[in-house]
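Going by UniProt numbering, the sequence shown opens with residue 1, and the numbers climb by one from there.
For glycine and all other residues, C-beta sits at the position ideal for the given N, C-alpha and C.
A short worksheet on the structure shown next.
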Amino acid sequence: MNTSVSPEGSIPRHVAIVMDGNGRWARKRFMPRIFGHKYGMETVVRVIDHCQARGVEYLTVYAFSSENWKRPEDEVSGLMNLVLVGISKYLAKLASRGVRIHVAGDRSKVSERVRQAWNEAEERTRHNTGLHVTVAFNYGGRWDIVQACQRALAEGVAPEALTEEALSRHMALAYAPDPDLFIRTGGEVRVSNFLLWQLAYAELYFTDCLWPDFDEAELDKAFADFARRDRRFGGVKQAQAPEQSA
Ligand code: IPE
Ligand code: IPE
Ligand code: MG
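Quick look at the structure:
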């Protein structure tokens, strides 16, 4: 694996990924959709490794949206089961590499077993200081904004004190800077209720590559694209020296 250090600023601090295309990847192989999700899980682990190698500090992956309950029951239960399988298979390895796991989403709606598995992943990695990996699970951007408002109000924050900063402190990813780079695989060009609040100034990158096929080279392509972006945050481009006439 190439671990060369990239020039300052060319690697995003926080990468947020909509991991889409598992179902189509499986269908192309005449396999059930869950087969794609299983491969997709292996891809997450590879992407975590590569983000660590490249010096990313925060990686947030969309694993189950608040709308994914609409899927057939067997697919939903298959995805829930994959959480348990994934944690028993990979938690020790990730923990030993210093990864700190966070889960963002409404945990009240998931089963006790899945909730406990996520709690264990967070607990076991609580003191780690390496890559922060946030798994967005039963997550919706609108849910996040509403729960942040509710928690702030419950704490007694007055309406005039409910500033952007105050609300940010109650958002699910309060511990992380806003994403610098948003990646969506699978060819769709939409956000699908992912980090609505936090993506305000993220650079957006869309690729047709289906998630199970997304490898180190694909991630590096996204980083290379990011490195060419001119981020202005509403300001103006830095003044350039006027071209010399011949
Ligand atoms: C994304 O892949 C994974 C989840 C939403 C859990 P999909 O399952 O949406 O795959 P496609 O979009 O149907 O191919
Ligand atoms: C977004 O993918 C959710 C996740 C990747 C977890 P979907 O496949 O659910 O999104 P839509 O339905 O195409 O918008
Ligand atoms: Mg999809």
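Could you round the C-beta distance between residue i and residue j to whole angstroms and report it? I think they count as a contact, below 8 Å.
i: V56; j: V44; result: That belief does not hold up - the Cβ atoms of V56 and V44 are roughly 14 Å apart, past 8 Å.
i: L79; j: H37; result: 6 Å
i: T125; j: A95; result: 5 Å
i: D178; j: W25; result: With 8 Å as the limit, D178 and W25 do not qualify as a contact, their Cβ atoms being about 30 Å apart.
i: V191; j: L181; result: No, V191 and L181 are not in contact; Cβ-Cβ is about 14 Å, not under 8 Å.
i: M171; j: W143; result: The pair is not a contact, with the Cβ atoms about 11 Å apart (cut-off 8 Å).
i: A136; j: I87; result: That belief does not hold up - the Cβ atoms of A136 and I87 are roughly 16 Å apart, past 8 Å.
i: L173; j: A104; result: 6 Å
Are the CB atoms of residue i and residue j nearer to each other than 7 Å?
i: A154; j: L162; result: no
i: T185; j: C209; result: yes
i: I48; j: I183; result: no
i: Y201; j: A222; result: no
i: G156; j: L195; result: no
i: R33; j: E73; result: no
i: G40; j: W211; result: yes
i: F35; j: N138; result: no
Using a Cβ-Cβ cut-off of 7 Å (strictly less than) and excluding sequence neighbours within five positions of residue i, which residues of its own chain qualify?
i: R51; result: One detail in the question is off: residue 51 reads as Cys in this sequence, not Arg. The answer, listed in chain order, is V15, L59 and L131.
i: N2; result: Here N2 scores only 40 on pLDDT, less than 50, and its place in the model should not be relied on; the value that follows carries that caveat. For N2, where only same-chain residues beyond five positions count, there are no Cβ hits under 7 Å.
i: N128; result: A95, G98, V99 and R100
By Cβ distance, which residues of its chain are closer than 6 Å to residue i, with the 5 residues on each side in sequence left out?
i: E218; result: C209
i: R115; result: R107
Who does residue i pair with in a DSSP beta bridge?
i: S65; result: Y139
i: T134; result: T60 and H102
i: L203; result: Correcting the residue type first, residue 203 is Glu in the shown sequence and not Leu. DSSP, once it has assigned bridges, lists L181 as partnering E203.
i: I17; result: V61 and I183
Going by beta carbon distance, what residues of the same chain come within less than 8 Å of residue i, once the five residues before and after it are set aside?
i: S111; result: M80
i: V5; result: Since pLDDT at V5 reaches only 45, below the 50 mark, its modelled position is unreliable, and no value is offered.
i: Y175; result: H102 and H132
* Asked: In chain order, what residues have a CB nearer than 7 Å to some heavy atom of ligand 3?
  -> Taken from the N-terminal end onward, the list reads D20, G21, G23, G186 and E188.
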